[in-house]
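Here the protein sequences line up with chains A and B, keeping their order.
Reminder that position 224 of the first sequence reads as 224 in UniProt numbering, one-by-one numbering, no gaps.
Reminder that position 121 of the second sequence reads as 121 in UniProt numbering, one-by-one numbering, no gaps.
Notes to accompany the following structure.
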Amino acid sequence: MPIGNTQPSVRPASAGRAGGAAVTPAAHRSGARPRRSHGGLRAERYAPYILVAPAVLIIVLLRLYPLLLGVNFSFTGDGAQNGEAVGFGNYSELFGDPLFRTALGNVGLLVLLLPVAVAIPGLLATFIYLRVPGHRFYRSVYFFPAVLSPVIVGAIFNLLLAFDGPLNAVLGSVGVGPVDWLGDPDIAMFMVVGVHIWATFGMALVVFLAGFATLDAALLDAARVDGASLRQVVWHVVIPSLARTIQFVFVTTMIGMLTSMFGLLFVMTSGGPEGSTYLPEYYIWIQQGQMNRPALASAASTILFVIMLVVGLMQIKLLERAGKED
Amino acid sequence: MSRIRLGRWLIAVPMALLALATIYPLLFTANVAMKTRRDYILDRFSLTDTLRWENISTAWNSVGMGRYFVNSLFVVTASVFLLLLFGSMAGFALSQLRFRGSSALFLGCLAGLFIPFQVIMVPLARIMADTALIDTYPGLILVYVAQFLPFTVFLMTSYYKGIPPEIVDAARIDGSTVYGVYRRIMLPLGTPALLSVGILNALFCWNDVLMALVMMPSADHRTLMIGVTSLRGQYSDNIPTFASGVLIAAIPVLLVYLFLQRQIADGVAAGSTKG
Chain A
1 MPIGNTQPSV RPASAGRAGG AAVTPAAHRS GARPRRSHGG LRAERYAPYI
51 LVAPAVLIIV LLRLYPLLLG VNFSFTGDGA QNGEAVGFGN YSELFGDPLF
101 RTALGNVGLL VLLLPVAVAI PGLLATFIYL RVPGHRFYRS VYFFPAVLSP
151 VIVGAIFNLL LAFDGPLNAV LGSVGVGPVD WLGDPDIAMF MVVGVHIWAT
201 FGMALVVFLA GFATLDAALL DAARVDGASL RQVVWHVVIP SLARTIQFVF
251 VTTMIGMLTS MFGLLFVMTS GGPEGSTYLP EYYIWIQQGQ MNRPALASAA
301 STILFVIMLV VGLMQIKLLE RAGKED
Chain B
1 MSRIRLGRWL IAVPMALLAL ATIYPLLFTA NVAMKTRRDY ILDRFSLTDT
51 LRWENISTAW NSVGMGRYFV NSLFVVTASV FLLLLFGSMA GFALSQLRFR
101 GSSALFLGCL AGLFIPFQVI MVPLARIMAD TALIDTYPGL ILVYVAQFLP
151 FTVFLMTSYY KGIPPEIVDA ARIDGSTVYG VYRRIMLPLG TPALLSVGIL
201 NALFCWNDVL MALVMMPSAD HRTLMIGVTS LRGQYSDNIP TFASGVLIAA
251 IPVLLVYLFL QRQIADGVAA GSTKG
């Protein structure tokens, strides 16, 4: 771009708008570093701060500050003791509450089911990457439930899993007695987690496929030429090359299980039967909204945050170790 | 070679069954929404003989899904607009401009990524109540913006990092102000990312239930997803109306998905590979 004739021709749109400011470019080019010389440009120096201000203010005021407020709040009392310091009183009450213990136990169950929730999309992504017939179609179909609200998914499965609903009707026709899918405390949690996995595996699938896109195709070809079986290809080529993606999916799937099952719980079981489908996020909501125990809810929030920090730190540790191996 | 080919076909069978299991619940619901109550009780699986749109209009009018639909549309539109505006402003500054404290501010925004709503629900509800923003549209919009802004800033910053700094330098030498560069260069160049992030944010806000539940207690302020949850109690004995309500809430998402699937997947992929 020739420097000499830029001033009159390049920005016709701005010329009319800011007649006064149009003088400044000429002044710029005469000095080597024109930034500080001109009065109007002092405002320009603050421009970066003005640009980030809305985002930073909102995040600080409505994310970071509430976090501190909540931790602080968890050490105060509810009701008559509102605002008084009660030390770890809320925390000891939490661990004495069978509902909260069930919620933590269910978190343990989620951790146990985590490998399944990661392996399913991982395998499917592998097959899609290897171009099984119809892979484009499968990709579109599998991803769709992931964009549906948990509330919609939950409502649909409420319909399907109802005691007098279609699933039991089908099972009844082949002689299997009706199962109370959402009303049996031993079964309900597995059903909710199962529906959650059904609804979200498409998200992890897309993440895996993005990881596959970075995979060195030559490696796969070499393995195939050497006559490696599918199992060997997965084990010796795909998994080592995708270590980072796999870790990312592990962590995001765990965080998803901890923070985005509320809609399903709310619609499908409301925490029941017999409190068997409580998770920390549901417990927090009940204590804050229904039981009017905000300080107790804050203590549960703090524990949920600690659980998430542990998950996050484990990822960083794993990434560091993977980095050393590279 | 032929063995691999056969293997592929063998794998395709369970994958096709899984695809069926993924689609069937949705088709079932759509079918039920078109039946009469009596038809449903007599036979749950038979295809409906006619499309009974009156179920949909019952759900839309007398159940109030129409009102909730408009509420959701307004809240989502305003939230996404603000998210894209603030996100692109911050992303431009944090990726292209050099200023003191920029990396600290970027980390501060990132920290927000690791704070889910559940963790700050109680204090946030209290802040909203203290500022008289609870149960108002601006309050819910603000909560959505705060929830999804860290992600938006992060993605916009990494997208704008890919734009050569020479473009900004050239425009500055030509006398454009920082704001001019933002408006005339960064916004147009950012269109693909803005589209992807915007669609994702729209889905997140549209699908949310917990934030709307906590922030919008009154019945006439309900969003569409809260409307869906209230269907369960009211229409548990009238399944076709229930299914129609679910369908109303799902159709906009289905349309967005059919036309913009690639952008959604790109957004998810960008969030994962840049992390």
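Where is the CB? At the ideal position from N, CA and C, for every residue including glycine.
- Query: Can you tell me whether DSSP reads residue 271 of chain A as helix, strand or coil?
  - Reply: Reduced to three states, the DSSP call for residue 271 of chain A is coil.
- Query: Cα separation between residue 97 of chain A and residue 220 of chain A?
  - Reply: Between residue 97 of chain A and residue 220 of chain A, the C-alpha separation is close to 53 Å.
- Where residue 9 of chain A falls, given that 16 or more other Cβ within 10 Å makes a residue buried: Model confidence at residue 9 of chain A stands at a pLDDT of 35, short of 50, so the residue's coordinates are unreliable; what they give is reported in the following sentence. By the 10 Å Cβ count, residue 9 of chain A comes out exposed.
- Task: Under 7 Å between beta-carbons, which chain A residues line up against residue 109 of chain B? List them in chain order, please.
- Result: Within chain A, the C-beta atoms nearer than 7 Å to that of residue 109 of chain B come from 55, 56 and 59, in chain order.
- Across which residues does DSSP place residue 108 of chain A in a beta bridge pair? According to DSSP, residue 108 of chain A bridges with nothing at all.
- Query: How would you label residue 286 of chain A, buried or exposed, when you count the other beta carbons within 10 angstroms and need 16 or more for buried?
  - Reply: Taking every protein chain shown into account, the CB of residue 286 of chain A has 16 or more other CB atoms within 10 angstroms, so this residue is buried.
- Is the Cβ-Cβ distance between residue 70 of chain A and residue 123 of chain B less than 8 Å? Cβ distance < 8 Å, so residue 70 of chain A and residue 123 of chain B count as in contact.
- Since residue 241 of chain B contacts residue 63 of chain B with CB under 8 Å, what's their CB separation in whole angstroms? With 8 Å as the limit, residue 241 of chain B and residue 63 of chain B qualify as a contact, their Cβ atoms being about 7 Å apart.
- Item | Whole-angstrom distance between residue 154 of chain A and residue 31 of chain B, CA atom to CA atom | Near 17 Å, if we compare the C-alpha coordinates of residue 154 of chain A and residue 31 of chain B.
- Task: Sort A:51, A:269 and A:218 by Cα distance to residue 163 of chain A and report the nearest one.
- Result: Closest option to residue 163 of chain A, Cα to Cα, is A:269.
- Item | Same chain, Cβ closer than 7 Å to residue 208 of chain A, five either side skipped, listed in chain order | Hits under 7 Å: 121, 122, 125, 245 and 249.
- Message: If distances are taken between C-alpha atoms only, which option among A:293, A:142 and A:242 comes closest to residue 24 of chain B?
- Response: Looking only at A:293, A:142 and A:242, the smallest Cα-Cα distance to residue 24 of chain B is reached by A:142.
- Quick one: which chain A residues come within Cβ less than 8 Å of residue 225 of chain B? The answer, in chain order, is 149, 151, 152 and 263.
- Compute the Euclidean distance between the alpha carbons of residue 170 of chain B and residue 98 of chain B, then round it to the nearest angstrom. Straight-line Cα distance between these residues: approximately 16 Å.
- Query: Does the segment 251-270 of chain A touch the segment 194-208 of chain A, meaning 3 or more C-beta pairs lie closer than 8 Å?
  - Reply: Yes, the segment 194-208 of chain A is in contact with the segment 251-270 of chain A.
- Query: Leaving out five residues before and five after residue 30 of chain A in sequence, what residues of the same chain have Cβ atoms less than 7 Å from its Cβ?
  - Reply: Bear in mind that the predicted position of residue 30 of chain A carries a pLDDT of just 40, short of 50, making it too unreliable to give a figure here.
- Query: Is there a Cβ from chain A that is less than 8 Å from the Cβ of residue 66 of chain B?
  - Reply: Chain A, which has no Cβ nearer than 8 Å to the Cβ of residue 66 of chain B, makes this no.
- Can you give me the Cβ contacts of residue 212 of chain B inside the same chain, cut-off strictly under 7 Å, excluding the 5 residues immediately before and after it? Apart from sequence neighbours up to five positions away, the residues of its chain that approach residue 212 of chain B with a beta-carbon distance below 7 Å are 140, 223, 225 and 226, ordered along the chain.
- Query: On the premise that residue 215 of chain A lies in contact with residue 182 of chain A, defined as a C-beta separation below 8 Å, what is that separation, rounded to the nearest angstrom?
  - Reply: In fact, because the Cβ distance is near 41 Å, the residues do not count as touching under 8 Å.
- Message: Would you say residue 278 of chain B lies against chain A (beta-carbon separation less than 8 Å)?
- Response: Beyond the ends of chain B as shown, which are 1 and 275, falls residue 278 of chain B; an answer cannot be given.
- Query: When burial is assigned at 16 or more other CB atoms within 10 Å of the CB, is residue 220 of chain B buried or exposed?
  - Reply: The residue in question, residue 220 of chain B, is exposed, as its Cβ has fewer than 16 Cβ neighbours within 10 Å.
- Message: If you follow the alpha helix (DSSP H) that residue 166 of chain B is in, where does it begin and where does it stop?
- Response: Element bounds for residue 166 of chain B: 165-173.
- Query: Which residue spans inside the segment 140-168 of chain A form an unbroken alpha helix (DSSP H) run of at least 4?
  - Reply: With a minimum length of 4 residues, the continuous alpha helix (DSSP H) runs that stay inside the segment 140-168 of chain A are 150-161.
- Classification of residue 19 of chain B by the beta-carbon crowding that lies within 10 angstroms, buried from 16 upward: Residue 19 of chain B counts as buried, since no fewer than 16 other beta carbons sit within 10 angstroms of its beta carbon.
- Task: Establish whether the CB of residue 256 of chain A and some CB of chain B are separated by less than 8 Å.
- Result: At a cut-off of 8 Å, the C-beta of residue 256 of chain A has no neighbouring C-beta in chain B.
- Query: Hey, out of B:104, B:162 and B:37, whose CA is closest to residue 49 of chain A's CA?
  - Reply: Ranked by Cα distance from residue 49 of chain A, the options B:104, B:162 and B:37 are led by B:104.
- Message: I want to see whether chain A comes within less than 8 Å of residue 154 of chain B, judged by CB atoms only; does it?
- Response: So, not an interface residue.
- Task: Return helix, strand or coil for residue 282 of chain B, following the three-state DSSP convention.
- Result: For chain B, the structure presents residues 1 to 275; residue 282 of chain B sits outside this window and is missing.
- residue 253 of chain A versus A:240, A:312 and A:265, residue with shortest Cα-Cα distance: Of all alpha-carbon atoms in A:240, A:312 and A:265, the one lying nearest the alpha-carbon of residue 253 of chain A is that of A:312.
- Query: Which first and last residues belong to the alpha helix (DSSP H) in which residue 77 of chain B is found?
  - Reply: Unbroken alpha helix (DSSP H) run through residue 77 of chain B: 65-96.
- What are the start and end residues of each continuous alpha helix (DSSP H) run of 4 or more residues lying completely inside the segment 115-156 of chain B, in chain order? Qualifying alpha helix (DSSP H) stretches, in chain order: 117-130.
- Task: Tell me whether residue 204 of chain B is buried or exposed, calling it buried when 16 or more other Cβ atoms sit within 10 Å of its Cβ.
- Result: Buried is the call here.
- Query: Buried or exposed: residue 235 of chain A, going by 16 or more other Cβ atoms within 10 Å of its Cβ?
  - Reply: A residue is called buried once 16 or more other Cβ atoms fall within 10 Å of its Cβ, and residue 235 of chain A, having fewer, is exposed.
- Find the residues of chain A that neighbour residue 160 of chain B, judging by a C-beta separation of less than 9 Å, and give them in chain order. Correct list: empty, because the minimum Cβ distance to chain A is about 11 Å.
- Listed by chain order, chain B residues near residue 232 of chain A by CB distance under 9 Å: Going along chain B, no residue has its Cβ under 9 Å from residue 232 of chain A, so there is no contact; the nearest lies around 13 Å.
- residue 278 of chain A at chain B interface by Cβ criterion, 8 Å: Judged by the 8 Å Cβ criterion, residue 278 of chain A is not in contact with chain B.
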